[in-house]
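Asks: Okay, handing you the structure first.
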Amino acid sequence: MTSPLDSARRVVVKIGSALLVEGQDGRIRRAWLNALADDIAELKKEGREVLIVTSGAIAIGRRHLGLTPGTLKLEESQAAAACGQIRLAHAYQEALGRHDIGVAQLLLTLDDTEDRRRYLNALSTLNTLLRLGSVPVVNENDTVATGEIRFGDNDRLAARVAMMASADALVLLSDIDGLYDRDPREHDDAVLIPEVPAITPDIEAMAGKVRAGDSSGGMVTKLIAARIGMQAGCSMAIADGRIDHPLLAIKEGKLCTWFTAAENPTNARKRWIAGALKPTGSLVIDDGALAALSRGRSLLPAGVICIDGSFDRGDAVLVKAADGKEIGRGLVAYSCADARSIAGHKSGEIERLLGYRGREELIHRDDLVMS
62 MTSPLDSARR
72 VVVKIGSALL
82 VEGQDGRIRR
92 AWLNALADDI
102 AELKKEGREV
112 LIVTSGAIAI
122 GRRHLGLTPG
132 TLKLEESQAA
142 AACGQIRLAH
152 AYQEALGRHD
162 IGVAQLLLTL
172 DDTEDRRRYL
182 NALSTLNTLL
192 RLGSVPVVNE
202 NDTVATGEIR
212 FGDNDRLAAR
222 VAMMASADAL
232 VLLSDIDGLY
242 DRDPREHDDA
252 VLIPEVPAIT
262 PDIEAMAGKV
272 RAGDSSGGMV
282 TKLIAARIGM
292 QAGCSMAIAD
302 GRIDHPLLAI
312 KEGKLCTWFT
322 AAENPTNARK
332 RWIAGALKPT
342 GSLVIDDGAL
352 AALSRGRSLL
362 PAGVICIDGS
372 FDRGDAVLVK
382 AADGKEIGRG
392 LVAYSCADAR
402 SIAGHKSGEI
412 ERLLGYRGRE
422 ELIHRDDLVM
432 S
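Going by this note's numbering, the first residue of the sequence shown is number 62, and it counts up by one from there.
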């Protein structure tokens with residue numbers, strides 16, 4: 062099969078602690094990280110945007126704090142994360158800086174992907190960083206996260222980030238090169254599955270059960286991540302990360318498992334807007350705006366003649382023609398109060414009217430579904 066990585070415009074790469082950090086020693090594998098940075102630089106030269114989801118802060122920090130091997134108390138884990146995170150970010154900065162690529166750090170908790178306002182703020186930050194050419198490096202905010210608000214593993218965090226960023230491809234670099242029909246640690250004749258178009262009960266059975274010592278859930282959590290990604294239109298790979306230049310190896314055809322999404326992120330997002338969200342208000346537009354939307358344009362404030370309902374930024378709203386007929390629905394970029402202030406005005410007047418520089422569109426075309 063053709064690798065989805067070949068056509069992906071936006072790629073998320075997840076890196077686990079075992080790949081990045083030398084066992085109990087807590088030292089970063091600099092040569093491996095530099096080789097991965099070379100791969101990322103090549104992807105960017107090809108015009109692709111890259112995000113990294115990384116583990117390793119606790120493993121690095123515990124060494125510098127002199128914490129003994131074994132299970133850490135919650136406060137020790139959080140202290141180790143605080144100590145290790147700054148060293149981890151610096152390692153990525155140095156590795157990618159060799160290619161004059163900027164790096165930015167984002168620390169997220171589960172709440173940040175579920176609370177609508179925090180989700181939108183994180184998304185805006187990610188999109189701005191990518192537009193400016195930086196590589197966002199995302200990790201779970203272990204310094205504040207507790208058991209109730211943790212992802213618990215960075216496979217699921219990576220899938221949520223891929224969904225948030227509308228990524229085309231997610232690559233989980235692992236200590237195994239894909240999904241096998243049976244556990245290869247127990248069966249020498251286990252066969253790797255190169256492509257999974259749907260996660261069926263048979264596929265779930267191949268993941269087996271969480272084994273003792275698999276702190277992140279092993280293959281089970283990878284299938285959970287695959288399901289999240291595929292529903293968002295993002296294809297996901299489980300690939301061998303133990304080798305140097307793992308992304309280049311995938312592009313050159315090294316065997317791995319691809320969970321292939323049936324549609325692209327934009328279509329998946331629009332299907333979600335059309336069917337899964339309850340509108341909380343409506344925007345009535347003039348004939349000029351209606352014609353523009355029919356040509357695939359975004360909805361600008363100048364074309365809005367009436368606003369009904371109460372909504373916040375990011376909520377779903379109906380879009381109606383002047384005769385009241387529903388013509389679409391979308392995610393609005395402003396609260397109802399701010400939308401009323403700028404309705405009928407040109408986008409260049411938004412900063413003067415609101416006192417801050419917001420988006421030019423009331424509803425961007427990627428967030429709009431026509432009826």
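Where a beta carbon is used, it is the ideal one built from N, C-alpha and C, also for glycine.
Given the structure is predicted, the values throughout are model-derived calculations rather than measurements.
Write down every uninterrupted run of the beta strand (DSSP E) in the stretch 179 to 231 whose length is 3 residues or greater and which is fully enclosed by it, in chain order.
Replies: 196 to 201
Asks: Looking at the secondary structure, which residues open and close the beta strand (DSSP E) in which T115 lies?
Replies: Position 54 of the sequence shown, counted from the first residue, corresponds to residue 115. From DSSP, the beta strand (DSSP E) with T115 extends over E110 to T115.
Asks: Using 10 angstroms around the beta-carbon of D263, count the other beta-carbons present and answer buried if the total reaches 16, otherwise exposed.
Replies: In the sequence shown, the residue the question calls residue 263 occupies position 202. By the 10 Å Cβ count, D263 comes out exposed.
Asks: How long is the line joining the alpha carbons of V430 and V281, rounded to whole angstroms?
Replies: In the sequence shown, counting from the first residue as 1, residue 430 sits at position 369. In the sequence shown, counting from the first residue as 1, residue 281 sits at position 220. Cα-Cα distance, rounded: 35 Å.
Asks: Taking C-alpha atoms, which residue in R70, V252, L126 and A259 lies nearest to L316?
Replies: For the purposes of this step, residue 316 is taken as residue 255 along the sequence shown, with counting starting at 1. Here the closest residue by C-alpha is V252.
Asks: Within 10 Å of its beta-carbon, does K407 have 16 or more other beta-carbons around it, so buried, or fewer, so exposed?
Replies: Within the sequence shown, the letter at position 346 stands for residue 407. With fewer than 16 Cβ atoms within 10 Å of its Cβ, K407 is classed as exposed.
Asks: Please classify Q331: does DSSP put it in a helix, a strand, or coil?
Replies: By 1-based counting over the sequence shown, the position of residue 331 is 270. One point to set straight first is that residue 331 is Lys, not Gln, in the sequence displayed. In the structure shown, K331 sits in a helix (DSSP, three-state: H, G or I).
Asks: Using DSSP's beta-bridge definition, name the partner residues of T321.
Replies: The residue you call residue 321 lines up with position 260 of the sequence shown. Bridge partners of T321: none, in fact.
Asks: Mapping the DSSP letters down to three states, classify K315 as helix, strand or coil.
Replies: Position 254 of the sequence shown, counted from the start, is the residue given in the question as residue 315. It is coil, neither helix nor strand.
Asks: For a minimum of 4 consecutive residues, which ranges assigned as the alpha helix (DSSP H) are wholly contained in the stretch 385 to 420?
Replies: 397 to 403 and 411 to 415
Asks: Alpha carbon to alpha carbon, what distance is there between N188 and E421?
Replies: Against the sequence shown, residue 421 aligns to sequence position 360. Against the sequence shown, residue 188 aligns to sequence position 127. Taking the Cα positions, E421 is about 15 Å away from N188.
Asks: Can you give the Cα-Cα distance for G108 and D384, rounded to whole angstroms?
Replies: On the sequence shown, position 47 is the one that residue 108 refers to. On the sequence shown, position 323 is the one that residue 384 refers to. Distance between the alpha carbons of G108 and D384 is about 44 Å.
Asks: Could you say which of L392, G409, L361 and A268 lies nearest to R177 if we only look at CA atoms?
Replies: Counting from one through the sequence shown, the residue named residue 177 turns up at place 116. Of L392, G409, L361 and A268, the residue nearest in Cα terms is L392.
Asks: Below 8 Å between beta carbons: does that hold for L66 and V72?
Replies: Translated into the one-based positions of the sequence shown, residue 66 becomes position 5. Translated into the one-based positions of the sequence shown, residue 72 becomes position 11. Their beta carbons are under 8 Å apart, which means L66 touches V72 by this criterion.
Asks: At what residues does the beta strand (DSSP E) containing D172 begin and finish?
Replies: Stepping through the sequence shown from its first residue, residue 172 is reached at position 111. Looking at the DSSP string, D172 is not in any beta strand (DSSP E); the run it does join, the alpha helix (DSSP H), is L171 to E175.
Asks: With DSSP collapsed to three states, give me the class of R358.
Replies: By 1-based counting over the sequence shown, the position of residue 358 is 297. It is coil, neither helix nor strand.
Asks: Among all the DSSP beta bridges, which residues are the ones paired with Q166?
Replies: For the purposes of this step, residue 166 is taken as the residue at position 105 of the sequence shown. The partner list for Q166 (beta bridge, DSSP) reads V198.
Asks: Report buried or exposed for V380, applying the criterion of at least 16 other Cβ atoms within 10 angstroms of its Cβ.
Replies: Locating residue 380 in the sequence shown gives position 319, where the first residue counts as 1. With 16 or more other Cβ atoms within 10 Å, it is buried.
Asks: For the structure I just gave you, are there three or more beta carbon pairs, one from the stretch 308 to 327 and one from the stretch 97 to 113, closer than 8 Å?
Replies: yes
Asks: Since I believe Y180 is in contact with T174 (beta carbons under 8 Å), could you give me their beta-carbon distance rounded to a whole number of angstroms?
Replies: Working through the sequence shown from its first residue, we reach residue 174 at position 113. Working through the sequence shown from its first residue, we reach residue 180 at position 119. Contact check for T174 and Y180: beta-carbon distance about 6 Å, within the 8 Å limit, so the pair qualifies.
Asks: Can you tell me the Cα-Cα spacing of V74 and S116, whole angstroms?
Replies: Stepping through the sequence shown from its first residue, residue 74 is reached at position 13. Stepping through the sequence shown from its first residue, residue 116 is reached at position 55. For V74 and S116, the distance between alpha carbons rounds to 11 Å.
Asks: Quick check on this structure: which residue in A335, E410, A363 and A228 has the alpha carbon closest to the alpha carbon of A466?
Replies: This structure does not reach residue 466, given that the chain is present from 62 up to 432, and the question cannot be answered.
Asks: For I424 versus S359, is the C-beta spacing smaller than 8 Å?
Replies: If you number the sequence shown from 1, residue 424 lands on position 363. If you number the sequence shown from 1, residue 359 lands on position 298. It is a contact, given that the beta carbons lie within the stated cut-off.
Asks: Is the number of C-beta pairs between the stretch 113 to 129 and the stretch 142 to 160 that are closer than 8 Å three or more?
Replies: The stretch 113 to 129 vs the stretch 142 to 160: in contact.
Asks: To the nearest whole angstrom, what separates the beta carbons of V111 and A219, a pair I think is in contact under 8 Å?
Replies: The sequence position of residue 111 within the sequence shown is 50, counting from 1. The sequence position of residue 219 within the sequence shown is 158, counting from 1. Between A219 and V111 the Cβ distance is about 13 Å, and since that is not below 8 Å, they are no contact.
Asks: Could you name the residues of the same chain whose beta carbon sits closer than 6 Å to that of L371, not counting the 5 residues immediately before and after it, in chain order?
Replies: Counting from 1 along the sequence shown, the entry for residue 371 is found at position 310. One point to set straight first is that residue 371 is Ser, not Leu, in the sequence displayed. C397.
Asks: With 16 other CB atoms within 10 Å as the buried threshold, where does S68 fall?
Replies: Reading the sequence shown from its first residue, position 7 is the one you call residue 68. Looking at its Cβ environment, which holds fewer than 16 other Cβ atoms inside 10 Å, S68 is exposed.
Asks: Enumerate in chain order the residues of its own chain whose CB-to-CB distance from L414 is below 8 Å, with the five nearest sequence positions on each side excluded.
Replies: Reading the sequence shown from its first residue, position 353 is the one you call residue 414. The answer, listed in chain order, is S402, I403 and H406.
Asks: Applying the 10 Å Cβ sphere with the 16-neighbour rule, what's the burial state of E91?
Replies: The sequence position of residue 91 within the sequence shown is 30, counting from 1. Here the sequence assigns Arg to residue 91, which means Glu is not the residue at that position. It is exposed - the Cβ of R91 has fewer than 16 other Cβ atoms within 10 Å.
Asks: Cutting at 7 Å between CB atoms, please list the residues of its own chain near L190, excluding the five before and the five after it.
Replies: Your numbering for residue 190 matches position 129 in the sequence shown. Hits under 7 Å: A165 and P197.
Asks: Answer with buried or exposed for P130, where buried requires no fewer than 16 other C-beta atoms within 10 angstroms of its C-beta.
Replies: Position 69 of the sequence shown, counted from the start, is the residue given in the question as residue 130. Its Cβ having fewer than 16 others within 10 Å, P130 is exposed.
Asks: Taking DSSP as the reference, what is the three-state secondary structure of V252?
Replies: Start at 1 with the first residue of the sequence shown, and residue 252 comes out as number 191. Reduced to three states, the DSSP call for V252 is coil.
Asks: Smallest Cα separation from L351: which of I366, K339, P340 and T341?
Replies: To locate residue 351, count along the sequence shown from 1; it is residue 290. Of the listed residues, the one whose Cα sits closest to L351 is I366.
Asks: Mapping the DSSP letters down to three states, classify K283 as helix, strand or coil.
Replies: Here residue 283 corresponds to residue number 222 of the sequence shown, with the count starting at 1. Three-state result, K283: helix.
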